[in-house]
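For reference, each letter of the sequence shown is one residue, going 930 to 1632 in the working numbering.
Here's the structure we're looking at; comments come further down.
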Amino acid sequence: MRLYRWAVGVSALALSTGAHAQTVQLEEIVVTSPSPIAQSGQTTGENVPWWATSQSIPVAPSFSSVSVVTPQQALSRGAASLGDTLSTTPGVSSTSFSPVASRPVIRGLGGFRVRTQEDGIGSGDMANLGEDHAVTIDPLMSGQVEVIRGPGTLRYGSQAIGGVVSANNGRIPTFVPANGIAFQARGGLNSVSNGKDGAVLLDAGGGNFALHLDAFKRSAGDYRIPGGVQENSSYSSQGQSLGGSYIFNDGFVGLSYQSMAMTYFIPGIESARVKNHIDLRQSKWSSRGEWRLREGGIDTIKYWLGYTAYKHLEIDGVGAAAEVGSTFRNREFESRAEISHLPVNTALGELRGAVGLQWGRRDLSVGGADEQLLAPARAQNVAAFVFEELQVTSALRAQGAVRAERTDINGTGARFPASFLPPPNDPTTFPVSRDFVPVSASAGLLYDLPYEMVARVTAQHVERAPDPIELFYKGPHDTPRTFEIGDPTMTLEKANSLELGLKRGRGDTRFDASIFYTKFDNFIFKNFTGVRCGDDFASCGTPGATFDQIIYSQRDAKFVGGELQVEHDVAKVWNGVWGVEAQYDFVRATFTDGSFVPKIPPHRLGGGIFYRDPNWIARVNLLHAFAQHNLGAFETPTAGYNLLNAELSYTTTVPTGSLPMEVSLGLKGENLLNDDIRFHQSYKKDEVLQPGRNIRVFSSVKF
C-alpha cells in the first residue's frame, strides 16, 4: 500500500477505535536558532501548545524577531514548499513560481539574502539562484520551522542579511526515546490538485545509542484555478533519511544521511507549451555534536558539519521528446563550531557569551545546451563571530555581536558592450579571482515593561559579498525565461538597520509588533532592461525573442516596513476558549532617486476568529492583500486579493498501555472564495494564478 494511504488509513483507524476524548499534554516549543548562548534546557519560547492559533507567538523575549510554525500547522497547510508553508506569516511572503518551487521572501528580501537550513546546516540546493528552483526541505518532514529576522542571523553568515528559515527535523537524535521507541505517521489529501502526501518517522534506542529513520512521498496533478486548470503544474517528490547518535551524560555526537528526488513542471504559457520541467536529485551527509563541559570557564562546545551533492536538469518535453536545456550542479561543504562560556559576574551585570568559527566551500556550475552559462566557480569563506549578552538589571538586558569573514571567489567573468546589445555577438571572457572581507555587527536592548510586555531595540550593520551567480552568470535561464548577465566587478553590499519591537507573549491578549528601517549601500538586484533575447547574446534585441534580459546591478536603496500579529482570548466556552486574531505587514522599498525596488510584496491585512481546547481547534481567517502599484522598471500592476481559509481538527489520546497513541484528524478549506490570486513578487504572476478553492483532509498518529 502506498505510503500516503497507509499514513492516512492508520490515522483514521486509530481515531475510530479511540474511546473518550482525553486531555492532551501540551508540548513546549523550544526556539533556539536565533541565539548560540541559550543554555541547555533553557528555552527562548515556551508553553505554546501544538494547537496554538495562527502563527505561534513564542512566550519568552528575544533580541531577534522570530515566528514559529509547528509540525501540526505545517501538516494542516499541506504545502509542498517552505515558501507556501510560510506565506501567510506576518512579514513573510513567497515567490510561488510553482507548487514546489516557492522560496520564502522575508521583509521584501529573498534569493541570496535568505538562508534556508535544517538542523543548523544549509539546505545546499540552488534555490537562491532562481525562483524556479526548489528548496530541498520538504515541509512534511521539516518539523518545527523558525523564521529569524534581525541580529540572530549573524550566527549563520552575512549572506543571511534578509533572514533565516530554520527547520528542525531531528534526523540526528539528541536523546533516547523515553520508552525506547517513538513513531509518527502523517499525511493528507488535497482536492485542488488531487494531491497526496504521506510520511513516516521512527526513533528508537537504548543505552547510549539512538536511531532515526524517516521517509516521505508526495504527488499532485495540475491544480485547478478559477475557471480552469493551471497547465503544467504537477509534481512528484520523495525522500528518506537515516541518522544515529551516541548519547552520553553531558552531550551527544551524531551522523545522518538523507536523499531526495523530485520532478516538477513549471506553469506559464511558454513553459506549458514545451512541457518545461525540472528533474532534481540531492544527497546530504550531516554531523552534529554537543559537549556540556561546564568547567574551566567553558559551558558548552557544539559543532555542525555538512556535505551536499546537488544536481538538477531543466528539460523541455517528456519521454522520447525530452531535451535538456541546462544542467545545474552544486557541491557544498559547511562547518561551524561554537563555544559558550560560563556566566561571568561583572560590574555591569552577569555576562554570557559564545565565540564561533565557520568554514564553507561551494563548487558550482551551470551548463547550457550549447555553452557554459556559469563556468565552474568556487566560493570559499571562513568566519569568526562573537555573541555576548549582559543582564544589566532584572528588567534590562543587552546583546552585542560581531562577525568577520573572508570570502574568496574564483570563476570566469564576461565583458559585454555597454548597451548590452550585440555587436559583438559574443562577450569577452576572462578568469576572475576576487576576495572580500565583510564585517558585520549588531547591538540590542530588551526591557521588561508592565503587563508582561517586553520592548526591544536592535541596530545592525551587515556586509554581504556578491554570490558567484551575481558575478559570473551569462546566458539564458530556460525555466523562468530570463537571459541573465552577471557583473564580475561588483563590490560589497552593505546594510544599516534599526528595528523597534514590542511583544507580549502571555495572558489573554498576546501580540508581537515590529517596525524597521534599512539603508542599503550597493544593493544588488535583478535589473530588467526591457530587452528580449533568445538562446544566445547575438539574439538580444531581435524580433520574436522571448527571454527577458536581466543585468545584476547595484544601487543604493532603503527599506521601511513592519509587522503586527495579535491574538486575543475573548472568553471561555465549553472546554476551551474562543478568540479573535489579526495581522498586518508592509514593506516600502525605494532607490535613492525615488523609484521603486522591483518585486516587493504589497500591504497585507488579515483577521479571524478561533476556538481551541485540548481536543478541538476551529478557525476562520481572511487575509487581504492590497493591490501593488509601486512598480519597478518594466513591472505591471498586481490586483489585490482575498484569501479565506477555515480549519477544523480533532486530537485525542488512545490508551494503549505503556505507549499511548495520539491521533489527529482535520479538515481545512483554502481560498474558499475561489479568488483570482496573483503574487506581485512572482516572476510569472501575469501568466500564473495561484490555486483555487481547495479542501484538504489531513491526519497524524504518534506514540
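Quick reminder that beta carbons are idealized off the backbone N, C-alpha and C, glycines included.
Could you give the C-beta distance for residue i and residue j, rounded to a whole number, given that I count them as a contact under 8 Å?
i: residue 1151; j: residue 1120; result: Not a contact, Cβ separation roughly 13 Å.
i: residue 1579; j: residue 1544; result: 6 Å
i: residue 1409; j: residue 1612; result: 5 Å
i: residue 1426; j: residue 1447; result: 4 Å
i: residue 877; j: residue 1331; result: Because the chain here runs from 930 to 1632, residue 877 falls outside it and cannot be looked at.
i: residue 1029; j: residue 1052; result: With a Cβ gap of about 14 Å, residue 1029 and residue 1052 do not count as contacting.
i: residue 1365; j: residue 1478; result: Contact flag wrong, Cβ pair sits at about 27 Å.
i: residue 1527; j: residue 1496; result: The pair is not a contact, with the Cβ atoms about 34 Å apart (cut-off 8 Å).
i: residue 1571; j: residue 1534; result: The pair is not a contact, with the Cβ atoms about 10 Å apart (cut-off 8 Å).
Hey, could you find the ends of the beta strand (DSSP E) residue i is sitting in?
i: residue 1518; result: 1505-1520
i: residue 1488; result: 1476-1502
i: residue 1000; result: It is not in any beta strand (DSSP E) - residue 1000 instead sits in the alpha helix (DSSP H) that spans 1000-1006.
i: residue 1599; result: 1590-1599
i: residue 1333; result: 1325-1344
i: residue 1682; result: Since the first residue shown for the chain is 930 and the last is 1632, residue 1682 is missing from the structure and cannot be characterised.
i: residue 1411; result: 1411-1414
How about residue i and residue j: do their beta carbons lie closer than 8 Å?
i: residue 989; j: residue 1278; result: no
i: residue 1287; j: residue 1265; result: yes
i: residue 1020; j: residue 1035; result: yes
i: residue 1599; j: residue 1574; result: yes
i: residue 1620; j: residue 1032; result: no
i: residue 1207; j: residue 1054; result: no
i: residue 1385; j: residue 1404; result: no
i: residue 1358; j: residue 1341; result: yes
i: residue 1171; j: residue 1186; result: yes
i: residue 1445; j: residue 1490; result: yes
i: residue 1387; j: residue 1135; result: no
i: residue 1158; j: residue 1075; result: no
i: residue 1023; j: residue 1016; result: yes
i: residue 1110; j: residue 1133; result: yes
i: residue 1146; j: residue 1113; result: no
i: residue 1442; j: residue 1488; result: no
i: residue 1243; j: residue 1407; result: yes
i: residue 1096; j: residue 1160; result: no
i: residue 1267; j: residue 1231; result: yes
i: residue 1283; j: residue 987; result: no
i: residue 1416; j: residue 1041; result: no
Run through DSSP, which three-state label would residue i get?
i: residue 1555; result: coil
i: residue 1564; result: coil
i: residue 969; result: Its pLDDT being 42, under 50, residue 969 is placed unreliably by the model, and the measurement read from it follows with that caveat. The answer is coil: DSSP assigns residue 969 none of H, G, I, E or B.
i: residue 1606; result: coil
i: residue 1179; result: coil
i: residue 1459; result: strand
i: residue 1533; result: strand
i: residue 1305; result: strand
i: residue 938; result: Residue placement at residue 938 is flagged as unreliable, the pLDDT there being 44, under the threshold of 50; the coordinate-derived value follows with that caveat. DSSP places residue 938 in helix when its eight states are reduced to three.
i: residue 1576; result: strand
i: residue 1627; result: strand
i: residue 1424; result: strand
i: residue 992; result: coil
i: residue 1632; result: coil
i: residue 1617; result: coil
i: residue 1612; result: coil
i: residue 1185; result: strand
i: residue 1237; result: strand
i: residue 1020; result: coil
i: residue 1586; result: coil
i: residue 1226; result: coil
i: residue 951; result: Bear in mind that the predicted position of residue 951 carries a pLDDT of just 33, short of 50, making it unreliable; the figure below should be weighed with that in mind. Residue 951: coil per DSSP, three-state reduction.
i: residue 1347; result: coil
i: residue 964; result: coil
i: residue 1030; result: coil
i: residue 1248; result: helix
Could you spell out where the alpha helix (DSSP H) holding residue i opens and where it closes?
i: residue 1012; result: 1011-1015
i: residue 1202; result: 1198-1202
i: residue 1399; result: 1397-1401
Any beta carbon of chain B sitting closer than 8 Å to that of residue i?
i: residue 1307; result: In the structure shown, chain B cannot be found, because there is only a single protein chain.
Going by the C-beta, is residue i closer than 7 Å to any heavy atom of the ligand ATP?
i: residue 1093; result: With respect to the ligand ATP, the structure shown offers nothing to examine, as it has no ligands at all.
Task: beta strand (DSSP E) runs contained entirely in the region 1095-1170, provided each spans 3 or more residues - done: Counting only runs of 3 or more, we get 1110-1119, 1124-1135 and 1138-1149.
Open item on the list: As an exercise, report each continuous beta strand (DSSP E) stretch of at least 3 residues that is fully enclosed by the region 1350-1391, in chain order.
Closed with: 1357-1365 and 1368-1378
TODO: Mind listing, in chain order, the continuous beta strand (DSSP E) runs of no fewer than 3 residues lying wholly within the region 1034-1094?
DONE: 1043-1047 and 1073-1078
- [ ] Could you pull out every unbroken beta strand (DSSP E) segment of at least 3 residues lying fully inside the region 1263-1307, listed in chain order?
- [x] Unbroken beta strand (DSSP E) stretches of 3 residues or longer found wholly inside the region 1263-1307: 1278-1297, given in chain order.
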